[in-house]
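Input: a single structure, listed below in structure tokens.
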Amino acid sequence: MMTRPRIYSFASFVFFFFEPTHPEGMGKNKIGAFEQSFLSLFPYGVNKGNTSMMQRISRSFMENLFLIFLLLASLVCIYARYEDRYDMNNLPWDLKPVQEFIGLWEIERSSGHDRDLPAPSLIDFSINPIPKFGARTVNITHTYFDQNKNIIRSDYGFMPVKNATRRDPRVHVAYLTTSSEGYSMMEQGFFKDNKLIFHLKQFLRRSFDVGSKGVDLDIREFERQYELIDFHHMSLKIRAETSVDTESYQAFYRKILF
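Residue 131 in full-length UniProt numbering sits at position 131 of the sequence shown; the count goes up by one each step and never skips.
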């Protein structure tokens with residue numbers, strides 16, 4: 001007798017980023033969150049001998065799924081109507097806490113040290129298109145210019161937001177981006193007191209030569225903080241530890257479209 005195939009929602013994958021990290025970290029023999037999410041798709045489970053193999057399969061599966069979804073999200077954004085990108089009439093309830101971040105931000109100045117992870121010249125936070133399933137998200141575009149205003153690099157992604165509820169008064173956010181430099185980043189954090197604070201959850205390579213300066217870039221620690229100074233001004237603080245250097249700087253932005 002034929003069994004009816006099971007259909008699993010991608011929403012559970014998006015909300016995976018809101019799961020708290022184990023306080024002791026992921027031990028050598030522990031199954032991580034990626035593996036647990038993937039193994040849960042098998043109703044009859046797997047035996048202990050196959051756990052290592054399933055861990056490798058599930059990690060590859062989830063990483064590829066993440067990259068495919070980012071690509072599709074970027075393609076949809078290209079065809080979105082421009083006038084809807086900052087239209088607050090389309091803003092869903094989950095995005096209310098971060099609504100003043102919505103807009104196109106241009107860098108004014110920066111101070112500190114950067115090497116492989118500079119501040120974007122433009123940061124675009126938009127709300128179109130509104131997803132039909134899963135978490136409500138803010139679309140992200142980072143654009144980098146050289147001294148002649150030529151585009152030299154771009155990052156694309158989205159920021160899922162889970163608004164506060166009676167059971168959980170916190171506003172959970174994630175920052176998921178893929179870069180033209182050949183890597184993707186998953187960051188997890190929260191919104192509080194006009195600040196968006198993120199910490200690196202996972203750094204994913206998409207090519208062997210990651211980075212444009214001839215180095216094998218590996219990001220080990222990364223902290224990102226956005227703070228609204230007022231409706232028209234925002235600051236960005238970055239602290240990062242890579243395989244090459246330690247970077248720390250602050251940049252200031254002005255909202256030019258909203």
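The C-beta atom is built at its ideal place from N, Cα and C for all residues, glycine as well.
Please report the distance separating the alpha-carbon of residue 231 from that of residue 125.
Using only the alpha carbons, I get a separation of about 14 Å.
With respect to the beta strand (DSSP E) encompassing residue 184, which residues constitute its N-terminal and C-terminal limits?
Unbroken beta strand (DSSP E) run through residue 184: 183-192.
May I ask you to verify whether the segment 141-148 touches the segment 161-169, counting CB pairs closer than 8 Å and requiring at least 3?
These segments do not touch.
Would you be able to state if there are at least three C-beta pairs under 8 Å between the segment 90-98 and the segment 231-248?
No, because fewer than three Cβ pairs between the segment 231-248 and the segment 90-98 fall closer than 8 Å, the two stretches do not touch.
Quick check: the Cα distance between residue 87 and residue 100, rounded to an integer number of angstroms?
Looking at the two C-alpha atoms, the distance is approximately 12 Å.
On the CB-based measure, 16 or more other CB atoms within 10 Å of its CB, does residue 113 come out buried or exposed?
It is exposed - the Cβ of residue 113 has fewer than 16 other Cβ atoms within 10 Å.
How far does the beta strand (DSSP E) with residue 246 in it extend, from its first residue to its last?
Run containing residue 246: 246-257, per the beta strand (DSSP E) assignment.
Kindly indicate the opening and closing residues of the beta strand (DSSP E) around residue 113.
Per DSSP, residue 113 belongs to the beta strand (DSSP E) from 103-113.
Figure out for me which residue from 149, 177, 193, 178 has the closest Cα to the Cα of residue 106.
Residue 149 is the option with its Cα nearest to residue 106.
For the beta strand (DSSP E) that contains residue 162, what are its first and last residues?
Unbroken beta strand (DSSP E) run through residue 162: 151-162.
With 16 other CB atoms within 10 Å as the buried threshold, where does residue 201 fall?
Residue 201 is buried by the Cβ-count criterion.
Taking only three categories from DSSP, how would you classify residue 95?
Correct three-state label for residue 95: helix.
Should residue 216 go down as buried or exposed, given a rule of 16 or more other Cβ atoms within 10 Å for buried?
It counts as exposed.
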